[in-house]
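Protein chains in written order, with my numbering: chain A, 1 to 751; chain Y, 752 to 902.
Note that CB positions come from ideal geometry on N, CA and C, so glycine has one too.
The structure under discussion appears below in the form of structure tokens.
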Amino acid sequence: MSTEFIGQRLTRVDAPDRVTGRAVYAADLHLPGMLHGRVLRSPHAHARIRRIDASKALALEGVKAVVTSADLPSMSDEQVLVRGEVELNLNHIRQVALAQEKVFFHGQAVAAVAATDPHTAEDALELIEVDYEPLPAVLDAEEAMREDAPLVHPDQYTRTREGNLDRPSNIATIHTFGRGEVEEGFREAEVVLEDTFRTRMVHQGYMEPPAAVAQVEPDGHITVWASTQGNFSLRAQLSSVLEVPSSQIKVVPVEVGGGFGGKLNSLLELPAVLLSRKTGRPVKLVMSREEVLRATYPAPATVISVKVGATGEGRLTAVYMKAIFDAGAFPIAPVVAAYLTSLAAYKVPHLKFEGYEVVTNRPKIGALRAPGAPQGSFAVESQIDLLAEKLSLDPLELRRRNAAQEGDPPPVGRPLNRIGLQPLLDRVAGHPAWTAPLDGPHRGRGLSLAYWPGAVMVSSCHLTLHDDGSFSLILGSVDLTGTRTAMLQIAAQELGVEPSQISVSVGDTDSVGHTEVSGGSRITYTMSAAVHQACVGMLEQLRDRAATGLEVDSGELEYSGGTFRSRTSPDKQLTLADLGRQSLRRGGPVTATGTATRLQSAPVFAAHVADVEVDPETGQVKVLKYTAFQDAGRAVNPMQVEGQLQGGAVQGVGWALMEGYHFSDSGVLQNATMLDYKTPTATDVPFIDAVIVEVPASDGPYGIRGVGEAPIIPPLAALANAIHRATGVRLRELPMNPEAVFMAMQNRDKG
Amino acid sequence: MKQVVTLTVNGERQHALAEPRHTLLELLRDRLGLTGTKEGCGDGNCGACTVLLDGRPVNSCLVLAVEAQGREVVTVEGLARDGVLHPIQQAFIDHGAVQCGFCTPGLVMAAYALFRQDPHPGEQEVRAAIAGKLCRCTGYDKVVRAIMSVG
């Protein structure tokens with residue numbers, strides 16, 4: 001294979017539509033007869049729903065239907081699907097989409113209404129009468145763990161490795177892992193440090209609010225257009241909850257304005273389908289930004305305690321981590337991922353982990369770009385930095401001394417296959433970002449590492465040769481990050497044609513094989529294997545057809561530049577166009593499918609270096625310089641890979657310096673606008689230097705590693721470490737906004 | 752209580768029915784079918800709804816439809832001429848400044864408005880001009896480079 005297109009900085013094939021406003025997102029759809037829906041939400045953080053009376057709403061002119069969970073089939077069994085990194089419990093998804101007998105967080109959906117225009121639908125919400133019986137709410141994970149705390153789910157018994165505990169509890173699960181004997185490890189240590197780190201609930205911050213359009217035909221067939229990270233996953237969720245076969249549900253792709261893990265779970269599609277069924281018309285639902293912040297699936301607040309022991313030379317002997325994750329209204333939170341990812345970069349003989357998933361009356365949490373890892377790494381990478389300071393060691397050198405290698409066991413799971421950690425550290429060590437002096441008062445430099453294993457799961461594609469020698473490639477994956485373009489590059493290279501000869505598109509769920517979600521850093525990695533398989537299959541078929549057509553042995557043929565040529569008689573040749581034309585008369589159209597199901601994971605290491613300047617009078621942290629290093633395995637499109645590193649880094653900067661949910665005593669989110677829930681603007685960050693290291697992954701046809709998630713992990717500790725070196729102050733709570741930094745400096749000066 | 756609003760959009764005279772409570776954003780997207788302008792927040796904090804109103808960039812979610820009576824609006828759909836992209840649009844594509852694309856129309860309009868004031872903006876001028884346009888995907892790096900390249 002020549003390296004013609006893989007590695008090129010091709011511009012995104014879908015970019016022209018996006019810059020002209022032609023790209024269609026779910027909220028842009030207008031179907032004939034379409035109605036507009038709005039969702040009624042709970043004013044209580046915890047309450048029993050006694051009665052819902054929609055009669056006044058239905059009497060309003062223009063209102064066509066109201067639905068509640070009573071319109072859904074009852075669901076008694078726990079049904080769990082694994083999607084991306086976080087398990088989806090369908091019963092919980094169903095309740096978050098439309099509450100059953102109880103509401104468990106402020107803003108939880110209770111009913112939905114469809115009307116001839118959105119304003120009428122909004123007016124109708126006020127006319128739906130709901131009789132609530134408020135219940136005591138618990139709003140903090142540590143409080144929820146106490147024996148006397150009000151119970152969110154009175155029938156929830158704590159799951160542990162040894163079986164269920166015998167008292168109902170807000171602790172859904174206690175995870176325990178370890179190796180060796182930590183007490184012995186701490187005895188061997190010359191330095192032992194112990195600290196507790198806290199992070200707040202934060203939101204993915206995608207710019208496009210969720211939107212869905214559903215159309216149910218008289219025969220029951222359902223078509224959905226949705227802002228989702230996975231069309232097939234959505235179909236599976238709808239199929240299970242609605243009890244409708246997958247063949248009767250078609251999810252049609254639209255462009256999606258960001259997901260970051262927040263658009264894995266169905267939210268608006270269930271009420272949209274129910275409303276369409278009731279009215280016999282298509283129904284569109286769009287969330288307001290306030291609804292997005294109050295009632296989607298944010299990332300969990302965490303309390304993570306880390307105790308680290310090391311020898312005088314800086315060799316880690318033991319780590320004990322206790323992590324409490326606030327799962328929100330229903331269980332499941334990525335507490336084990338926090339443990340695995342924060343420690344995978346290090347050789348540590350003795351490990352102990354206790355992880356608690358705790359429910360509270362706050363929004364149900366979901367996946368947010370490397371779920372669990374930013375929080376875990378904030379704690380561990382801050383501790384490693386503290387250790388470096390205590391031992392008077394260079395922070396990079398300390399990491400080198402303990403760096404994991406291929407074959408080492410991570411904290412959980414199989415031994416590491418080929419990793420790029422050492423080359424990554426070497427790259428940092430030799431780079432001006434690390435070596436150039438940083439002069440000036442109140443300035444400091446911070447380093448942080450990250451590890452992300454990356455998900456695998458099935459991806460599928462379909463390739464067709466047309467009658468004129470051009471191709472169509474249909475992918476099953478939602479294109480958030482430019483995967484259409486990356487797959488085009490791969491197909492063009494494999495097929496030996498110009499990219500302009502291949503039309504690449506995202507298929508609906510009827511037209512291509514099952515493909516799991518665009519999340520988990522997995523699409524370029526797995527879909528490239530599927531595309532490879534399809535291209536190989538296509539060329540094999542074409543070779544046989546050419547051999548038949550030319551009446552030669554297929555082994556005699558060589559293929560290049562779109563032409564099959566006989567080695568012995570070079571005048572005997574057939575182009576792709578010839579074969580395309582021939583296929584209509586003989587043999588039929590040439591198609592090939594590709595799928596990837598059994599790849600090993602391709603783990604990723606990243607390292608970020610941040611230079612900051614802290615204003616001593618205001619506590620404002622200015623990011624002077626930021627460099628994101630990452631092993632990409634093989635960068636199919638370096639421009640797109642850089643975009644992931646830069647975007648993820650800035651998302652992490654937001655988490656570190658400015659973002660965080662604040663709730664009132666009654667569980668109402670106080671900062672539910674983009675003004676008060678502040679995410680980074682262009683004036684909050686400098687250029688982000690992206691440095692791509694390439695250590696090919698063990699598996700897959702190209703050595704690709706999935707890059708999308710790792711970049712959000714290091715900024716939290718990199719900035720905490722930088723602020724520490726700039727001010728002497730160590731912050732252990734996020735966000736490190738001006739108030740927090742200022743108060744910490746005040747306390748430093750007093751004490 | 753609808754009334755007819757007459758306005759010029761991308762050089763064309765348009766008429767639409769609007770209630771007093773409708774925004775210019777709704778009029779553009781739902782009445783005129785110009786869905787390139789996006790709603791990201793509805794309260795003027797994200798900039799995805801940016802259009803030019805009589806030459807000035809505004810958050811169209813904060814302008815009432817009736818306020819646009821008799822005035823000129825330019826949306827992202829009005830930038831390309833005869834199928835040829837505006838240099839700003841081409842620069843966004845060439846620099847990899849487009850990921851999910853939802854914030855892109857607002858950013859492109861902000862850049863368009865900037866260049867009407869300042870033909871050669873530096874990095875800080877560009878950042879200030881787009882400070883009110885939130886993006887979550889790109890980290891702004893390639894966006895700023897794209898806009899600077901046009902100057």
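- Between the alpha carbons of G588 (chain A) and A337 (chain A) lies a gap of roughly 49 Å.
- Within the segment 350 to 402 of chain A, the complete alpha helix (DSSP H) segments of 4 residues or longer fall at 373 to 390, 395 to 401, listed in chain order.
- When the Cα atoms are used, V814 (chain Y) and L675 (chain A) turn out to be separated by approximately 18 Å.
- Using a CB distance cut-off of 8 Å, L885 (chain Y) counts as an interface residue toward chain A.
- Cβ proximity to chain Y below 9 Å picks out N637, M639, Q640, E642, G643, Q644, L645, Q646, G647, G648, A649, V650, Q651, V653, G654 from the segment 636 to 663 of chain A.
- Neighbourhood of E828 (chain Y) in chain A, by CB distance below 9 Å: T20, G21, R22, in chain order.
- The Cβ of E255 (chain A) sits closer than 8 Å to at least one Cβ of chain Y.
- Take V895 (chain Y), set aside five residues on each side of it, and the residues of its chain with a beta-carbon closer than 7 Å to its own are E874, V877, R878, in chain order.
- Going by DSSP, C461 (chain A) is part of the beta strand (DSSP E) stretching over 459 to 465.
- For A635 (chain A), the closest C-alpha among the options A:A610, A:G703, A:L657, A:K572 is that of A:G703.
- Residue burial is scored here from C-beta neighbours: V224 (chain A) has at least 16 other C-beta atoms within 10 angstroms and is therefore classed as buried.
- For G648 (chain A), the enclosing alpha helix (DSSP H) begins and ends at 638 to 657.
- In the DSSP assignment, the residues bridged to T591 (chain A) are A:T464.
- For I688 (chain A), the CB contacts under 8 Å within the same chain, skipping 5 residues up- and downstream, are Y626, T627, A628, L645, Q646, A649, V650 in chain order.
- About 11 Å separates the beta carbon of Q156 (chain A) from that of A144 (chain A), a gap too long to meet the 8 Å contact definition.
- Short of 6 Å from the beta carbon of H462 (chain A), and not among the five residues preceding or following it, lie these beta carbons of its own chain, in chain order: I474, V512, T593.
- Residues of chain A with a Cβ closer than 8 Å to the Cβ of A799 (chain Y) are, in chain order, M207.
- Look at N810 (chain Y): its C-beta is not under 8 Å from any C-beta on chain A.
- With 16 or more neighbouring CB atoms inside 10 Å of its own CB, S227 (chain A) falls in the buried class.
- With a cutoff of 8 Å on beta-carbon distance, T360 (chain A) and A99 (chain A) are scored as not near each other.
- Linking I6 (chain A) to H175 (chain A) through their CA atoms gives a straight-line distance of about 42 Å.
- Short of 8 Å from the beta carbon of E208 (chain A), and not among the five residues preceding or following it, lie these beta carbons of its own chain, in chain order: Y25, A27, S227, V256, G257, G258.
- Excluding the 5 residues flanking it on each side, V691 (chain A) has same chain C-beta neighbours closer than 6 Å at F629, in chain order.
- When C-alpha distances from L268 (chain A) are compared across A:A70, A:I332, A:T296, the shortest belongs to A:T296.
- The continuous beta strand (DSSP E) containing I249 (chain A) extends over residues 249 to 252.
- For M752 (chain Y), same chain residues with a beta-carbon under 7 Å away, outside a window of 5 residues either side, are E770, P771 in chain order.
- Listed by position along chain A, the residues whose Cβ is nearer than 9 Å to that of V755 (chain Y) form an empty set, because the closest Cβ is around 17 Å away.
- Shown here, G537 (chain A) sits in a helix according to DSSP, grouped into three states.
- The Cβ neighbour count for V835 (chain Y), taken over all protein chains shown within 10 Å, is under 16; the residue is labelled exposed.
- Rounded to the nearest whole angstrom, the CA to CA distance from S518 (chain A) to G806 (chain Y) is 40 Å.
- Within 7 Å of the CB of V685 (chain A), the CB atoms of chain Y belong to G890, Y891, in sequence order along the chain.
- Sequence-distant partners of L785 (chain Y) (beyond 5 residues in either direction) whose C-beta falls short of 6 Å from its own C-beta, in its chain, are L779, T826, E828.
- What G762 (chain Y) touches in chain A, judged by beta-carbon distance under 9 Å, is nothing: the nearest beta carbon there is about 16 Å away.
- By the Cβ neighbour-count rule, P680 (chain A) is buried, with 16 or more other Cβ atoms within 10 Å of its own.
- Q840 (chain Y) sits in a helix when the DSSP states are folded into three classes.
- Comparing alpha-carbon positions, the option among Y:V802, Y:C792, Y:G821 lying closest to A767 (chain Y) turns out to be Y:G821.
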